[in-house]
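Peer 1:
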Amino acid sequence: MEDDFFNVECQKRGLDYSVKWLAEMCHGLADVDIDGEDEKDNFGIKMLEGIAPKEYDNYFLAKSYFDVREYDKAAHLVRNASSPVPRFLHLYATYMAMEKRRLDSTTDQLNLNDSGHFKDLGEILVTLRAEHSRNNLDDYDMYLYGVVIEEQKRPSQRKRIANNQETNNNSFYIK
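Quick note on full-length UniProt numbering: the sequence shown kicks off at 1 and runs consecutively.
#1: What are the boundary residues of the alpha helix (DSSP H) that Ser18 is part of?
#2: Mapping the DSSP letters down to three states, classify Ile51 as helix, strand or coil.
#3: Could you pull out every unbroken alpha helix (DSSP H) segment of at least 4 residues lying fully inside the region 66-137, listed in chain order?
#4: As a quick exercise: from Ile124, Val85, His132, pick the residue whose alpha carbon is nearest that of Glu49.
#5: Who are the near neighbours of Val68 in its chain, counting only those whose CB is closer than 7 Å to its CB and skipping five residues on each side?
#6: For Arg87, which of Leu128, Arg101, Leu103 has the nearest alpha-carbon?
#7: Quick one: Cα of Thr106 to Cα of Ala75, how far?
#8: Take Tyr56 as the anchor and find which of Asn80, Glu70, Tyr71 has the nearest alpha-carbon.
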């Protein structure tokens, strides 16, 4: 796909806003059949692994929003995703949006540990905990789970998760 070629080339060169504009154009043309065949079903490209064909357009646009730090928009677009990569992007963009709001609202270093931030993180923690109990978290999700637990300052829970990850030979873990 030609649009994938330009997307990859722009991403390699750090042209985040170009990628965003390409994603917006592709998303707007998602229902247009160009050559009479659906090229999105040809998923031989490594970059598309972990993304369901039906979720590609939303993921592509969400990822471009994420790259230009528009985290709320990114999280919204992939909020109903079921495949692993867009689902992780939803959780991570949600986390980054909260972190960005926390940093933007602080006027000095004393406000960085605002209790409202812990409440916001609690919402993500509930989601991650539920997915963890169903064994629905991959290595990336587990990493984010560890980060959120660390920010919540829950050392016993963090240690339990880290031990579980080491036992299961997961790629990422927080000690």
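Every residue, glycine too, gets a C-beta built ideally from N, C-alpha and C.
Peer 2: This is what the structure gives:
#1: 16-28
#2: coil
#3: 71-77, 84-105, 115-133
#4: Val85
#5: Asp16, Tyr17, Lys20
#6: Leu128
#7: 23 Å
#8: Asn80
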